[in-house]
Ligand code: FES
């Protein structure tokens, strides 16, 4: 299935940047060209540093280009939930930092003239049934306490098709939306140059924190600081033991009338959905996000997209779905992201645990990491400092930080009898086997060719599960995902699955 996102499908095209093919020395190496990496680069450039961005695919092609494009000061997990867990001062500080990040995006758009559709819009949280009204009221109280311009509204005032169930809603004014990939691609054009080298299609193979070297297939970057801006840091890091990984799905379909007024709409009911409209060349469409599940869960299939399609079609006059995509969230168990110098690291900085709030937290992370490297004070440094990880005992497997390739499991090749036993596996279907004690993951391509790879994740060895919605082998432990041919798609794994 084509899982090109709406943002990838509608962003202005830009030329591909070169792959790193030599060894370079620079002030800061940034691994990952999403909103965290580019914001960090922009701030470091302003501070007089020279940087190199190394991106495994195209800039913005990872989580940033698979997001919702929504920018808000509150939180996916609930501001009142954070206030209950960490106190009102923490909730207020989180909101202040996230407001500053949205302001930075707005200022960057204005300063560089980025045509990315940035606009201020209201954000809404909707109780779809009476059982969720209490959450709306608690979120209202927490938002007001944090200084947000929040009010309770009824259905008539909300600008959403009346077919969407609504008992009560919370509105926060002055939040924002944009086209995230247009933002990143245009920002890249403004900052790339002699002091900001950018390499696309350059996968990192290892990071040597002590020596300050980032190794890739055909070259290396030696730097005084290394920023792991890859949504979750690549390699094995203590922080991964403190993250839960969730996958969520999105669809976009043309909408001929009943177009929601510009804004963010989160609906809480039996299931949870995020709705927004997006207009391209005068043609409106509806974006629906939901169907979340723990990443790497067994038997994930196309029903995730079907479910969103049915939800949308029952409530809006949409045309055929034109875009389907999904994204991963890394949710911190203690409610706050980890942003700053990595625990026990000499040179490595991390930024992860953004939950579903990554466009704003990624921007805030760029501000925080750049300030840390430039040795400037930042009012939110202590709040997100990964140093809090050091307080606990290291769990098994996380005895030390390491960003080096593990030895992948190498299952034996599938011999003729085993291939014959797979004759009943239809095209576009997968199966898990055990061959001489090795788990093997098999997928038959549409053209009949069998692809057999190791069934154990190369990160820390968890068993993989098939994701039929996205044609990938997904890991339930820390979010690594692999293509049917074994290549790394995302997550902390550094090396592909061994071919059987
Ligand atoms: Fe950690 Fe797979 S992502 S074991």
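Numbering (the numbering used here), first residue to last: 4 to 503. All C-beta atoms, glycine included, are put in the ideal place defined by N, C-alpha and C.
Between the C-alpha atoms of residue 162 and residue 264 there is a straight-line separation of about 5 Å.
Non-local C-beta neighbours of residue 329 in its own chain, meaning closer than 8 Å and more than five positions away in sequence, comprise 6, 69, 250, 251, 252, 253, 307, 472 and 473, ordered along the chain. Beta-bridge partners of residue 257 (DSSP): 288. DSSP, reduced to helix, strand and coil, places residue 75 outside both helices and strands of the structure shown, so it counts as coil.
Using a C-beta cut-off of 8 Å, the segment 145 to 154 makes contact with the segment 172 to 179, since at least three inter-stretch Cβ pairs fall below that distance.
Contact annotation, residue 359 with residue 332: C-beta distance approximately 5 Å; criterion of less than 8 Å satisfied. Separation of residue 82 and residue 101 (C-alpha to C-alpha, rounded to the nearest whole angstrom) is 12 Å.
Residue 452 is classed as exposed because its beta carbon has fewer than 16 other beta carbons within 10 Å across all chains shown.
Distance between residue 122 and residue 159, taken at the CA atoms: about 23 Å. About 4 Å separates the beta carbons of residue 50 and residue 377, which is inside the 8 Å limit, making them a contact pair.
Around residue 404, the same chain offers 240 and 347 as residues with beta carbons nearer than 6 Å, after the five sequence neighbours per side are excluded. The beta-carbon separation of residue 77 and residue 246, rounded to 21 Å, does not stay under the 8 Å limit for a contact. Close to ligand 1, as judged by a C-beta nearer than 7 Å to any of its heavy atoms, are the residues 243, 460, 462, 463, 464, 465, 478, 480, 481, 482, 483, 494, 495 and 496, in chain order.
When rounded, the separation of the alpha-carbon atoms in residue 319 and residue 182 is 22 Å. The segment 455 to 474 makes contact with the segment 297 to 304, as at least three CB pairs between them are under 8 Å. Counting of Cβ neighbours within 10 angstroms places residue 24 among the exposed residues, the total staying below 16. For residue 345, there is no enclosing alpha helix (DSSP H), since its DSSP letter is neither H nor E. Beyond the five residues adjoining it in sequence on each side, residue 373 comes within less than 6 Å, by CB distance, of 43, 46 and 47 in the same chain, given in chain order. With respect to residue 497, residue 290 sits apart: the two C-beta atoms are not nearer than 9 Å.
Closest in alpha carbon position to residue 340, among 93, 62, 284 and 142, is 93. Minimum Cα-Cα distance from residue 227 among the listed residues 67, 88, 55 and 407 corresponds to 55. Taken through DSSP and simplified to helix, strand or coil, residue 297 comes out as strand.
Our two residues, residue 203 and residue 133, have alpha carbons roughly 49 Å apart in a direct line.
Of the candidates 172, 27, 482 and 192, 27 places its Cα closest to the Cα of residue 217. For residue 125, the enclosing beta strand (DSSP E) begins and ends at 122 to 130. Under the DSSP assignment, residue 10 falls in the alpha helix (DSSP H) whose first and last residues are 9 to 13. Residue 349 is a Cβ neighbour of residue 213, given a cutoff of 9 Å.
Taken through DSSP and simplified to helix, strand or coil, residue 401 comes out as coil. For residue 433, the secondary structure class from DSSP, reduced to helix, strand or coil, is strand.
For residue 196, DSSP records a beta bridge to 199. In the three-state DSSP reduction, residue 38 falls in the helix class (H, G or I).
Beta-bridge partners assigned by DSSP to residue 55: 32 and 200. Residue environment: residue 221 is assigned as exposed (fewer than 16 neighbouring CB atoms within 10 Å of its CB, all protein chains considered). Each residue's CA atom was taken as its position, placing residue 493 and residue 285 some 34 Å apart. In its chain, beyond the 5 residues on either side, 96, 99 and 100 have a beta carbon closer than 8 Å to the beta carbon of residue 382. When beta bridges are read from the DSSP output, residue 383 appears opposite no residue.
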